[in-house]
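Take a look at the structure below.
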Amino acid sequence: MDRLQVLKEILFEGSASTQDEIREALEKRKFQVTQSTVSRDLKRIGAIKTIDSEGRTVYRLGEDLMNAPVPATVANSMKELVTEVSANGAMIVVHTSPGSASLVARHIDSAMAGEVLGTIAGEDTIFVAPADVKKIAATLAFLQRALLGTDS
20 MDRLQVLKEI LFEGSASTQD EIREALEKRK FQVTQSTVSR DLKRIGAIKT
70 IDSEGRTVYR LGEDLMNAPV PATVANSMKE LVTEVSANGA MIVVHTSPGS
120 ASLVARHIDS AMAGEVLGTI AGEDTIFVAP ADVKKIAATL AFLQRALLGT
170 DS
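Now the structure itself:
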């Protein structure tokens with residue numbers, strides 16, 4: 020069995036919270052890898068960080084989450100994942116902890132559809148296109164309340 024298939028099995032088990040935990044699980048299965056190799060492999064198979072039913076951040080395969088509902092614990096966990104929400108005249112930018120942007124963007128897309136057209140997520144940064152740039156200040160305040168619990 021190849022390393023990527025074993026990695027998918029580890030993610031399917033649903034208990035890997037960090038890349039180091041994944042590295043250790045791979046080593047138990049006789050694959051010697053570094054954290055950077057794990058990071059590249061996670062990108063290659065489309066893995067993302069998500070929150071499980073117990074509120075823990077874990078790695079999962081993106082396709083496993085396509086139709087899954089966003090857990091209620093996600094809203095409470097946003098404050099832990101989001102570090103900053105700011106805007107210019109046309110775009111809102113959300114900064115997250117590393118590896119959390121996809122999860123936060125998914126939450127924004129599903130929970131705030133009326134306020135945003137869509138999101139583009141990288142590793143730790145999300146570009147948010149507001150539904151109406153004339154109301155960007157209100158949308159920014161809404162996202163700050165929802166993601167940070169503030170109106171800063």
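Position in the sequence shown (from 1) plus 19 gives the number in the working numbering.
Even for Gly, the Cβ is constructed at its ideal location relative to N, Cα and C.
One alpha carbon belongs to ALA66, the other to THR158, and they sit about 29 Å apart.
When secondary structure is reduced to three states using DSSP, SER96 falls in the helix class. For ALA109, the number of other beta carbons within 10 angstroms of its own is below 16, and it is reported as exposed. With fewer than 16 other Cβ atoms from the protein chains shown falling within 10 Å of its own Cβ, LEU23 counts as exposed. CA-to-CA, the gap between ALA35 and THR102 works out to about 23 Å. In this chain, the beta strand (DSSP E) harbouring VAL77 covers 76 to 80. Across the set ASP128, GLU28 and LYS154, the C-alpha of ASP128 shows the shortest separation from the C-alpha of PHE146. The Cβ atoms of GLY141 and ALA156 do not sit closer than 8 Å to each other.
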